[in-house]
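There are 2 protein chains.
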Amino acid sequence: MDIQLKRGLLDACVLAAIKNEDSYGYRIIKDMKPYLEMSESTLYTILKRLEAGNMLTVRSVEHEGRLRKYYHITREGLRRIEEFKEDWKEINAIYNFITREETGNE
Amino acid sequence: MDIQLKRGLLDACVLAAIKNEDSYGYRIIKDMKPYLEMSESTLYTILKRLEAGNMLTVRSVEHEGRLRKYYHITREGLRRIEEFKEDWKEINAIYNFITREETGNE
DNA sequence: CGTAATATATCGTAATACGAAGTATATAAT
DNA sequence: ATTATATACTTCGTATTACGATATATTACG
């Protein structure tokens, strides 16, 4: 899959992964794997970006000797998902432009 | 509109703009404007990239004292559009993941 | 004892979209 | 006559960003 095509989906996808239940990095990657694969370095970069943008909050938890950072979506984060849905209408229009079959001359 | 979201569409969009008829930079921008706005610097970067990737060929034409470079899509370019269509199936699956309404607990 | 799974962090890099600015001609407006 | 707008392509620098590679640390499995 074309990397560029994935780009716009990543942030919204991560937010969607924590939308219904708080989650942590390692699990987010596993949950998204059937839909969208991403490397760890990419995920943690995104999580930091989303935190900086107040899309989510972080809470550290000690779990079996290991550190776990649980991410919780904020109202801003939920709004980001809605924004994504809005944008998608435009995206579909572009998609139709790309895939349209012209009856013109070639 | 989110820039990242546009990224994956740009190459395919430019190819679509010359698919049915050879065209040149200035006109491509105008043709795409209703669907997708892009700056000149972006377009010409993309055209060069597509040329380097053998997705299109270029032909210079003198038109009313001004230079025009006509772009013609190649078989490779047409295949790129088909590839885009294939990718879109996956994109739709991701879109559904992002927008699904879980019946679970929040 | 080594490998895999769990879990997060950091560094350097390559790709790339964009704004800004430049070059040049023709036409319309003031 | 001069200014602005439309046409048409080019180059430079920059910020964003996804990724591979690598590091750290614990637990479980063989």
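Taken in sequence, the protein lines are chains A and B.
The opening residue of the first sequence carries number 1217 in this note's numbering; numbering runs sequentially from there.
The opening residue of the second sequence carries number 1217 in this note's numbering; numbering runs sequentially from there.
For each residue, glycine too, the CB sits at the ideal point set by N, CA and C.
- Under the Cβ criterion of 8 Å, residue 1242(B) is not counted among the residues facing chain A.
- Partner residues in the beta bridge of residue 1239(A), as assigned by DSSP, are 1287(A).
- Annotation for residue 1275(A): the continuous beta strand (DSSP E) segment containing it runs 1272-1279.
- The three-state reading of DSSP puts residue 1282(A) in strand, counting E and B together.
- Residue 1262(B) is outside the set of residues whose beta carbon lies under 8 Å from a beta carbon in chain A.
- With fewer than 16 other beta carbons inside 10 angstroms of its own, residue 1282(B) counts as exposed.
- No Cβ of chain A is located within less than 8 Å of the beta carbon of residue 1270(B).
- Cβ-Cβ distances below 7 Å link residue 1287(B) to 1234, 1238, 1239, 1240, 1263, 1272 and 1274 in the same chain, with the five nearest sequence neighbours on each side left out; the list follows chain order.
- Using a Cβ-Cβ cut-off of 8 Å, residue 1238(B) does not count as an interface residue toward chain A, since no Cβ of chain A sits closer than that to its own.
- Using a CB distance cut-off of 8 Å, residue 1293(A) does not count as an interface residue toward chain B.
- For residue 1223(B), the neighbours in chain A by C-beta distance under 7 Å run, in chain order, 1220, 1223 and 1224.
- Residue 1221(B) sits close to residue 1224(A), with the two beta carbons spaced by under 8 Å.
- The beta-carbon of residue 1306(B) is placed less than 8 Å from the nearest beta-carbon of chain A.
- What residue 1286(A) touches in chain B, judged by beta-carbon distance under 8 Å, is nothing: the nearest beta carbon there is about 15 Å away.
- Taking all protein chains in view, the Cβ of residue 1219(B) is surrounded by fewer than 16 other Cβ atoms within 10 Å, so the residue is classified as exposed.
- Boundaries of the alpha helix (DSSP H) harbouring residue 1231(A): 1219-1233, taken from the DSSP string.
- Of the residues assessed, residue 1269(B) falls on the exposed side of the cut-off, its CB having fewer than 16 other CB atoms within 10 angstroms.
- Under the three-state reduction of DSSP, residue 1259(A) is assigned to helix.
- Pairing residue 1313(A) with residue 1228(A) gives a Cβ-Cβ distance that is not under 8 Å.
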